[in-house]
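Below: the structure, in C-alpha cells.
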Amino acid sequence: MNINVLKFGGTSMNDHQTWKRVLDIIRSYEYPVVVVSATARTTRKLLEAGKLAAGGDLTGAKKIAEEIYDRHYELVKNFLDENPHKKNQLILESCDKKLDEKTGLLKKYLDYTAKTGSLEPKMSDAIASIGEQISSYLLAQCGLALDILTQHIEAKKLIKTDHQYGSANPNRMLISQKCGSLETVLESGFTPVIGGFYGEAPDGTTTTLGFEGSDYSASLIGAGVHARTIEIWTDVSGVYTSDPRHIDHARPIAEMSYYDATEMAYFGAKVLHPSTLKPAQERNIPVLVKNIFEADAPGTQIIRESHTNRKVLAMSFKQNMTLVTVSAYETLMGYSFLTKVFAALEDLHLPVDAVNTTEASVTLAIADSPKLDQLTKNLIAFGSVEIESEKGLISLIGCKIAEMKKLNEQIFSSIGETTVDMITFTKDKRILSLVVNENDLIPTAQGIHDQVF
Ligand code: ADP
Ligand code: ASP
Ligand code: MG
C-alpha cells in the first residue's frame, strides 16, 4: 500500500477557502493519511486564555473560548454554504455538537486554572491541544461535504508519549504498533484525519510535542505506517535559502539532506519542527515540503543524501538571544572551570547555540529563557558573569569547506559597520554562526544573503 502522510499546518487550516484547497489536495492521493494543525493562531489564543485564567481574569479567558467557538462555527458554515451537499445540515449539527463539547471542556479547564491560580504544565497541554482536537474533527466532517470518505481518528489513540508535558517524548515502538490500525481504515476506503501536536501519556493525560509539533506527529505517523512520503504542506513552496517572510530574494531549495534540514530547523527556520526528520530518516522516507497555494510547484525534497554543489546551502536566524560570558575566578582556571560551566547548563537542561572559549572565559549564545536567572546564580559560584540580551544569531548551514575562504570574504564585505559579538565555525557540522545586536539581525542577514546566495 503506497501511503502518503500529508500534514497541513495552521496557515493551511486558516479559513474555509484554505480548507477547500486542503481537501482538494487530499482527494488527489490514493492512500492519504492526514495530520492537521489547529487553525492559524488558535494555539496561541488557547495559551493566552490559560494565562488570563491563571492571572484571575476568568472573564477574559472565557471570552477567548467563545471567540474560538464562533470562529470555527463560522468557518464550517461558510465552507458548507460554498459546497452544497444534501448531508450539510447533518454535518453542521455534528460540528456544532463537537465545538460545544470541546469549548465546554476548555471552560472547565479555565475554571480549574483560575481556582488554582497557576497554569500547570499538565493543564497547559490539555488546553493547548484543544485547537487540534477541534480542527481535525471539523475538517474530517467537511470532507464528507465533498464526498471524500474522511474519518476522524483521535490522536491520543496513536501518539503515545512520556509525561514530559510541553515537549513530551514519543514512545516510538508503541506508536508504530498503534499505527497499524490506520491501514485497516485505508483498506476500507476511508481517509484518516488526525490532530497533530498532541498525544497521550501512560496515565491517559494529554501531552504536547512542543510548538510546531504537528510536523513531528506527521513524521512519527509516517514512520509508523512505512509511508512512501511524508509531505509537509504549508504556505511557501518548500524550504527556502532563508525565511522568505523576512529576506528578499530567498528561493526554494530543490533538494537537501535530512542532516542539513535538521540543522536548519534547530537554528531557527520555522518551516519545520527540529525533531521532524529523525523518524523519517530512520526509515529513509523522503520528506517533501509543499505549498497549498502552488500545489504544482516541486517544493523541497529532503532525502538521505543530496547532490547539490552550492558553496553554502541555507541561512537561518534566531531573535531573542542572550550572550552569557563567564570569566573564571583565578583559582578555578583550567579544565575544572569549563567542566563546571557545562555542568551548570546540563543541570538546567539549557541548550546552547554557539560557544566561544578562551583559557579563562566562556561566551555562550543561548535562546532567551526564564531559566537564565538561575543559570547566572549558579555560574557566579565560580566566575564573574556578564549578560548581554537582545542579540540575534545568524547561521549559515551546509558550508562547503573548500569554499570557506571565498565565503568568509563575502560575509565580511557584506556586514560592513555592523558589530559582530561572536563568530563560530564548526567544521564537521559545516555551520558558521554570527551573533549581532537584535536590531541589526535582519539587515545583516539580508546583506549576507545578497552576497552569498
Ligand atoms: P505552518 O502553519 O504550515 O506550520 P509555519 O508558519 O510553521 O507554517 O512555517 C512556514 C513559514 O516558515 C513560512 O511562511 C516562512 O515564513 C517560515 N520560514 C522560516 N524559515 C524558512 C525557510 N528557510 N524556508 C521556508 N520557510 C521558512
Ligand atoms: N498548533 C501547534 C502550534 O501552533 C502545533 C503546530 O501547528 O504544529 O505550535
Ligand atoms: Mg509549522
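Here this note's numbering is used: position 180 in the sequence shown is 186, and no number is missing along the way.
All C-beta atoms, glycine included, are put in the ideal place defined by N, C-alpha and C.
Values in this document were obtained by computation on a predicted structure and should not be read as measured data.
Residue from E99, E237, T235, A260 whose Cα sits closest to the Cα of Y246:
A260
In three-state terms, what does DSSP make of P90?
coil
In chain order, what are the residue ranges of uninterrupted beta strand (DSSP E) at least 3 long that sit wholly in the region 138-201?
156-159, 197-201
Label T425 either buried or exposed according to how many other C-beta atoms from any shown protein chain fall within 10 Å of its C-beta, with 16 as the threshold for buried.
exposed
Between Q95 and the rest of its own chain, which residues show a CB-CB distance below 6 Å, the 5 nearest in sequence each way excluded?
Only residues of its own chain outside the window of five on either side were considered, and among them none has a CB closer than 6 Å to the CB of Q95.
Locate the beta strand (DSSP E) running through A60, then write down its first and last residues.
Careful: A60 lies outside any beta strand (DSSP E), inside the alpha helix (DSSP H) at 48-60.
On the CB-based measure, 16 or more other CB atoms within 10 Å of its CB, does T167 come out buried or exposed?
Buried.
Any chance you could list the beta strand (DSSP E) runs of at least 3 consecutive residues sitting entirely within the region 269-344, in chain order?
293-297, 306-309, 320-334
Which residues does DSSP list as the beta-bridge partners of T214?
Y204
For the putative contact between V441 and V318, defined by C-beta atoms under 8 Å, what is the C-beta separation to the nearest angstrom?
At roughly 18 Å, the Cβ-Cβ gap does not stay under 8 Å, so V441 and V318 are not in contact.
Count the other CB atoms, across all protein chains shown, that sit within 10 Å of the CB of S419; report buried if there are 16 or more and exposed otherwise.
Residue environment: S419 is assigned as exposed (fewer than 16 neighbouring CB atoms within 10 Å of its CB, all protein chains considered).
Quick check on this structure: which residue in A373, A120, G244 has the alpha carbon closest to the alpha carbon of M327?
Nearest option by C-alpha distance: A373.
Report whether the distance from the Cβ of S220 to the nearest heavy atom of the ligand ASP is below 8 Å.
Checking every heavy atom of the ligand ASP against the Cβ of S220, one is found closer than 8 Å.
What is the C-beta distance between L152 and R33, in whole angstroms, given that I count them as a contact (C-beta under 8 Å)?
So it is a contact: roughly 7 Å between Cβ atoms.
Going straight from the alpha carbon of I227 to that of E415, what length do you get?
44 Å
Name the DSSP beta bridge partners of W239, please?
Looking at the DSSP output, W239 bridges to F14, K296.
Through-space distance from T214 to S135, alpha-carbon basis:
7 Å
Got a sec? Which residues, its chain only, sit under 6 Å from S401 by beta carbon, not counting five neighbours each side?
F273, S322, I437, S439
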